[in-house]
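Engineer: Pasting in a structure now, in structure tokens, and then I'll have a few things to ask.
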Amino acid sequence: MNIIILGSGGCVSTPRACCSCRVCTEARQKGFPYSRTGPEDINASLNHSGIQKVEHILYSHCDPDHTMGMRVIEQLKMDWLADSLGKRPDNPIEVASLPAILADLKKQGTKYGSILEYYEARGLIKTKEIRAFKKGGLVIELVPVDAQEHVTIFIISSNGKKMIYAPCDVKPFPASEKFQGTDVLIIGNTIVGDILKDGFVLGEDNPLRKELFTLEEIDTIRKQYGIKEVIITHLEEDWGKSYDDYKDLEKELNLIHFAYDGLNIQF
4 MNIIILGSGG
14 CVSTPRACCS
24 CRVCTEARQK
34 GFPYSRTGPE
44 DINASLNHSG
54 IQKVEHILYS
64 HCDPDHTMGM
74 RVIEQLKMDW
84 LADSLGKRPD
94 NPIEVASLPA
104 ILADLKKQGT
114 KYGSILEYYE
124 ARGLIKTKEI
134 RAFKKGGLVI
144 ELVPVDAQEH
154 VTIFIISSNG
164 KKMIYAPCDV
174 KPFPASEKFQ
184 GTDVLIIGNT
194 IVGDILKDGF
204 VLGEDNPLRK
214 ELFTLEEIDT
224 IRKQYGIKEV
234 IITHLEEDWG
244 KSYDDYKDLE
254 KELNLIHFAY
264 DGLNIQF
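Take the sequence shown: its position 129, counted from the start at 1, is 132 in this note's numbering, and no numbers get skipped.
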């Protein structure tokens, strides 16, 4: 299995626009891996990665930072010149997720209506409600985080190997025997450290502690399911840490690593 991580930043990418802090200044000077795109910066991420084709898009939930990059569909599929002659793409991108998540996505729109429904009407995409995705030897199972099913975790399996991708809004982490014996857990929704950007001290009563995992809580999940390795993504600029800071922190941690744009995972 070969996985490339793009968009390793969080709601705010690094460097943050107009910010002159140490981390953002260094990111502007050095570029990747010190800089980080966010999930919605997917058009730029695809250009940097050298990926040549996108055939499927699977959504995990409807938060804006994970969905507002959907205009990449136009970049990938809209040919305005061909469209002016009435020609539509012959290979639309499949956009898929759990039924509730897909319904959420179709509510996002402008005064012209649903964005996804517009793309589908123009022949750029086809939407599909799924609970599992299969292609060749690859299987992706969508595991809802709760009974409402507005957020999903992905279990990605191939050639006897198993990866969990849990990008955001997954606390509390759902209980499932399907997670046992996972080779790699890629997880967001994590706050890194008690002292953050500009010396901000995260108090014990700070509400972020209810929303986001601490490193200790991540390690508890790893041990509970016998996960061999954890990679933390969705790394916010607010955490105030550079690529080098994360590499130094990895030396102190057991089997926990930090993602960066372009990280290639092979197993």
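Just so it is clear, CB atoms sit at the ideal spot from N, CA and C, and this is done for glycine as well. Remember, predicted model here, so these are calculated numbers, not experimental data.
Quick check on this structure: which residue in I128, Y115 and W83 has the alpha carbon closest to the alpha carbon of E97?
Structural biologist: With distances taken between Cα atoms, E97 lies closest to I128.
Engineer: Take the Cβ of D44 as the centre, count every other Cβ of all protein chains shown within 10 Å, and call the residue buried at 16 or more, exposed below.
Structural biologist: Buried, since its Cβ has 16 or more Cβ neighbours within 10 Å.
Engineer: How far does the alpha helix (DSSP H) with I221 in it reach, from first residue to last?
Structural biologist: Start and end: L218 to Q227.
Engineer: Who pairs with S117 in a beta bridge, going by DSSP?
Structural biologist: Partner(s): G112.
Engineer: If you draw a straight line from the C-alpha of I167 to the C-alpha of I158, how long is it?
Structural biologist: Rounded to whole angstroms, I167 to I158 spans 5 Å at the Cα level.
Engineer: What number of angstroms, rounded off, separates the C-alpha of I234 from the C-alpha of K138?
Structural biologist: Going from the Cα of I234 to the Cα of K138 covers about 25 Å.
Engineer: To the nearest angstrom, report how far apart F203 and L119 are at their CA atoms.
Structural biologist: Each residue's alpha carbon lies about 40 Å from the other.
Engineer: Determine, using beta-carbon pairs with one atom in the segment 139-148 and one in the segment 160-178, whether at least three such pairs fall under 8 Å.
Structural biologist: The segment 139-148 is in contact with the segment 160-178.
Engineer: Work out the CA separation of L88 and D248 for me, nearest whole Å.
Structural biologist: Roughly 53 Å separates the two Cα atoms.
Engineer: According to the neighbour-count rule (16 or more other Cβ atoms, all chains shown, within 10 Å of its Cβ), is R39 buried or exposed?
Structural biologist: Buried.
Engineer: With C-beta atoms as the reference, is G34 less than 7 Å away from G12?
Structural biologist: Their beta carbons are not under 7 Å apart, which means G34 does not touch G12 by this criterion.
Engineer: Between the Cα of A178 and the Cα atoms of T223, P102 and D107, which residue gives the shortest distance?
Structural biologist: A178 has its Cα closest to that of T223, out of T223, P102 and D107.
Engineer: Does the distance from the C-beta atom of T185 to that of S63 stay below 7 Å?
Structural biologist: Contact: no.
Engineer: Select from G243, K250 and F176 the residue whose C-alpha is nearest the C-alpha of I22.
Structural biologist: According to the sequence provided, residue 22 is Cys. The question's Ile does not apply to it. Nearest of G243, K250 and F176 to C22, Cα basis: G243.
Engineer: How far does the alpha helix (DSSP H) with Q78 in it reach, from first residue to last?
Structural biologist: That run of the alpha helix (DSSP H) goes V75 to K80.
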